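Asks: My structure is below; once you've seen it, I'll send some questions.
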Amino acid sequence: MENSHLKTLKPEEFRRLTGVKAETFAKMLAIIQKAIQTKKAKGGRPNKLSCEQMFLMTLEYLREYRTYFHISKSYGISESNCYYTIRFIEEALIKSGQFTLPGRKALLKSDMEYAVILIDATESPIERPKKSSDITTQVKRNDIH
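59 is the number that the UniProt record's numbering gives to position 59 of the sequence shown; each next residue is one higher, with no gaps.
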């Protein structure tokens, strides 16, 4: 997948496509590049995808929740490689600690007011005829097995 089209997008379109602002994308990309450099310092095969492509692939997975199969076909890699790459990038961002959500206690201590929205999502049973032994089928009537 070509990344040159990302540079021509307007900020609103970039955010719609990736789910993050361009500045946040650049900060995350810098963290990922450092993580890849430390991983590749030991040696090994070069990656088939660029750092930017790997990160874009991860954002696609998180934003659209496409299957690994579909993403791997889009980027021309194997399904397992797609899984390992996305997992590596997620772990690298988590380890950095810069892009974590505040914990429960921090939210309780803050002075923000929260609006609570309740959604009625109760389950209602589907109305179906009850099973009974009175109902006979063609098989039972004709004794066909």
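No residue lacks a Cβ here, since even glycine has one placed at the ideal position from N, Cα and C.
Keep in mind the model is a prediction, meaning the values are calculated, not measured.
Where does S80 sit, in a helix, a strand or coil, going by DSSP?
Replies: Of the three classes helix, strand and coil, the one that applies to S80 here is helix, per DSSP.
Asks: Quick check on the burial criterion: 16 or more other C-beta atoms within 10 angstroms. Buried or exposed for E60?
Replies: Classification of E60: buried, given that the 10 Å Cβ count is 16 or more.
Asks: Apart from the five residues on each side of it in sequence, which residues of its chain come closer than 7 Å, Cβ to Cβ, to E90?
Replies: So the qualifying residues of the chain are T58.
Asks: Assuming the contact rule is C-beta atoms closer than 8 Å, C82 and Y65 should be a hit. Round their C-beta distance to whole Å, please.
Replies: About 14 Å; that fails the 8 Å criterion.
Asks: Here's the rule: buried if 16 or more other CB atoms are within 10 angstroms of the residue's CB, otherwise exposed. What is residue 197?
Replies: Summary: the structure shown does not reach residue 197, with the chain confined to residues 1 through 145, and so no result is reported for it.
Asks: Compute the distance between the beta-carbons of L49 and I86, then report whether it is under 9 Å.
Replies: No, the pair does not count as a contact, with Cβ atoms beyond the cut-off.
Asks: Whole angstroms is fine: what's the gap from L93's alpha carbon to I117's?
Replies: Going from the Cα of L93 to the Cα of I117 covers about 31 Å.
Asks: Are there 16 or more other CB atoms within 10 angstroms of the CB of T18, so buried, or fewer, so exposed?
Replies: Label assigned to T18: buried.
Asks: Could you tell me the alpha carbon to alpha carbon distance between K73 and S80, rounded to whole angstroms?
Replies: Each residue's alpha carbon lies about 12 Å from the other.
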